[in-house]
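Undergrad: First the structure, then my questions, so here it is.
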DNA sequence: TGATAAGTCAACCATATGGGTGAATATTGA
DNA sequence: TCAATATTCACCCATATGGTTGACTTATCA
């Protein structure tokens, strides 16, 4: 998987309210089991399990299995990719603006 | 539409490669027409038009119509919401970690 | 005025997504 | 050993998504 697909996965995973809530819960509570996470939502355990899988595939959550219990933990590092993308956009934007400025200034010279 | 839905829209809009490319083009080139944008992609004008609509509904793009031409421009401000969300997550994370640290230190006391 | 150009709208298609249920698997504990 | 627990897997369903084509509207300009 290339960087672009990875970024798409992260953004798509983060683009769902339930999944963002799961992430928030993990960030504030630390590692939690699937059932424990599911108790916060009005949807089946299975649906929550599927959301967790999406987060996991985006690298936003890691799993530690102890016996029959799966402990999920938030992994914020991948979100840096989205910040990096935004920062890149802003830098391109600034480049263009400064180029425009230079153009206007040189026109003033004439 | 509440903040959460708005954030979902932004993240979903940004979660597609084609749409991110459109945003990048607009950031580096400034306002561009739909046809001009579409020329960069191997898909129909209509498909690009639909992607633009998604970006527009997320507030990531604005439209200025002059006669039959529609000029699209990038709007980076909504992306700050995603940064704010990330920042909030990080601050919750730090809160928990410092609470943990305090706990461990007080245990050392005993 | 009439052809062409720029876009959107509407309908369609295949696949993805978010939800559900029931069965299967693996671990625990009595 | 056997029942209960934790979780995933395999389907199923409705709706969303990303793409297509064709028709429609509005401007432009020869």
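Protein chains in written order, with this note's numbering: chain A, 856 to 965; chain B, 856 to 965. Every residue, glycine too, gets a C-beta built ideally from N, C-alpha and C. Predicted model, so just to flag it, every value in this text is computed and none were measured.
Which one or two residues does DSSP pair with residue 928(A) in a beta bridge?
TA: Answer by DSSP bridge pairing, in chain order: 917(A).
Undergrad: Could you tell me the distance, in whole angstroms, from the CA atom of residue 900(B) to the CA atom of residue 911(B)?
TA: Cα-Cα distance, rounded: 16 Å.
Undergrad: Check the Cβ of residue 863(A) against every Cβ in chain B and list those closer than 7 Å, keeping chain order.
TA: The contacting residues are 870, 871, 872.
Undergrad: Compare the C-beta of residue 896(A) with all C-beta atoms of chain B and state if any pair is closer than 8 Å.
TA: Not an interface residue.
Undergrad: Whose C-beta lies closer than 7 Å to the C-beta of residue 866(A) among residues of the same chain, with five residues either side of it excluded?
TA: Contacts found: 937.
Undergrad: Considering just the uninterrupted stretch of the alpha helix (DSSP H) at residue 896(A), what are its terminal residues?
TA: Neither: residue 896(A) is in no alpha helix (DSSP H) and is coded neither H nor E.
Undergrad: Hey, how far is the Cα of residue 886(B) from the Cα of residue 862(A)?
TA: Going from the Cα of residue 886(B) to the Cα of residue 862(A) covers about 25 Å.
Undergrad: So, is the C-beta of residue 938(B) closer than 8 Å to a C-beta in chain A?
TA: Chain A contact via Cβ: present.
Undergrad: For residue 923(A), count neighbouring Cβ atoms within 10 angstroms of its own Cβ and tell me buried if that reaches 16, exposed if not.
TA: Under this definition residue 923(A) is an exposed residue.
Undergrad: Could you give the residue range of the alpha helix (DSSP H) that holds residue 974(A)?
TA: No statement about residue 974(A) is possible, as the shown extent of chain A runs from 856 to 965 and does not include it.
Undergrad: Output needed in chain order: residues of the stretch 873 to 888 of chain B with a Cβ under 7 Å from some Cβ in chain A.
TA: Cβ contacts with chain A: 878, 879, 882, 883, 885.
Undergrad: At a CB distance below 7 Å, what residues from the stretch 932 to 956 of chain B approach chain A? Give them in sequence order.
TA: Cβ contacts with chain A come from 934, 937, 938, 941, 944, 945, 947, 948, 951.
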